[in-house]
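Taking it in order: structure first as structure tokens, then the write-up.
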Amino acid sequence: MSTIRTPLETPSALATEPILAWRTWTLAGSREGDDVRLLPIAGDGKPWPVREPARAACHRGPRHHVVPGFACRCGLHATHAPDLLRRTRDPAVLGTVALWGRVVEHEHGFRAELGYPQRLRLVCYLCFWRWGEGEPGTCEVVARRLGGRMVPLCRPHLELSLRYGYRVGRLLPAARVEHTLLSTYAVDVLRMVAGRSPSPVG
Ligand SMILES: [Zn+2]
Ligand SMILES: [Zn+2]
177 MSTIRTPLET PSALATEPIL AWRTWTLAGS REGDDVRLLP IAGDGKPWPV REPARAACHR
237 GPRHHVVPGF ACRCGLHATH APDLLRRTRD PAVLGTVALW GRVVEHEHGF RAELGYPQRL
297 RLVCYLCFWR WGEGEPGTCE VVARRLGGRM VPLCRPHLEL SLRYGYRVGR LLPAARVEHT
357 LLSTYAVDVL RMVAGRSPSP VG
């Protein structure tokens, strides 16, 4: 008889020292790209606040349950390693995030009560998805769709999108949008090590 391993989930604890973990976001911004916000990939779609911590809320559990709930899925999600994020649906930004307050650790990462981004960079979602098969391309443009959703793309994937008649929307220079993102959240850029996973160190 085989043993079924339940996912490792340690009882939640109050983290007084912030925990550093990995996360992806989508991005939304103004027409000229001079006002941008990080948005969760899943969830209620509320932007991450600027210069103050994001605070998790629960929309599923019973009222007055502490967030993140141990037997719930609420909390700000982040992973132990960037590779675990490769299957994220259409990310626009990859980064490290500081987590604190009540934190539940599980097999692949954490669910936390409070968080703030530490280092960020734009990612081409097509390169990011194929990460590990080759060098990720440098984002050259950000395609802004109607409604404000922003999609960073490397040059080859922009050309591919155009060749296949994909409506990319308004094109903005990626360097400018990334700079706006970093100064909005007052954080530093996440550097990539060539051919390897990105390093959280400057
Ligand atoms: Zn909950
Ligand atoms: Zn690409």
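Count the sequence shown with this note's numbering and you get residues 177 to 378, in order. By construction, the Cβ of each residue, glycine as well, lies at the ideal position given by its N, Cα and C atoms.
Helix, strand or coil at residue i according to DSSP, with G and I counted as helix
i: residue 212; result: strand
i: residue 198; result: strand
i: residue 328; result: strand
i: residue 350; result: helix
i: residue 193; result: strand
i: residue 292; result: strand
i: residue 339; result: helix
i: residue 275; result: strand
i: residue 360; result: helix
i: residue 260; result: helix
i: residue 203; result: strand
i: residue 366; result: coil
Proximity of residue i and residue j at Cβ, strictly below 8 Å
i: residue 332; j: residue 275; result: no
i: residue 278; j: residue 242; result: yes
i: residue 316; j: residue 329; result: yes
i: residue 367; j: residue 304; result: no
i: residue 267; j: residue 301; result: yes
i: residue 223; j: residue 287; result: no
i: residue 319; j: residue 345; result: yes
i: residue 362; j: residue 285; result: no
i: residue 358; j: residue 364; result: yes
Element boundaries [alpha helix (DSSP H), containing residue i]
i: residue 303; result: 301-305
Heavy atom of ligand 3 within 7 Å of residue i beta-carbon
i: residue 256; result: The model depicted lacks ligand 3 and carries ligand 1 and ligand 2 instead.
Host beta strand (DSSP E) of residue i (start-end)
i: residue 234; result: Here residue 234 belongs to no beta strand (DSSP E), and DSSP marks it neither H nor E.
i: residue 344; result: Premise fails: residue 344 is in no beta strand (DSSP E) and is neither H nor E.
i: residue 255; result: 252-255
i: residue 315; result: 315-320
The segment 247-257 contacting the segment 310-328, beta-carbon criterion three pairs below 8 Å: no
Any contact of the segment 295-303 with the segment 264-272, i.e. 3+ C-beta pairs under 8 Å? yes
Could you tell me whether the segment 197-212 touches the segment 317-326, using the rule of 3 or more Cβ pairs below 8 Å? The segment 197-212, when compared against the segment 317-326, does touch it at the 8 Å Cβ threshold.
Inter-stretch contact at 8 Å, needing at least 3 Cβ pairs: the segment 339-354 / the segment 221-233: Touching, no.
Pairs of beta-carbons, one from the segment 214-229 and one from the segment 342-356, closer than 8 Å: are there three or more? no
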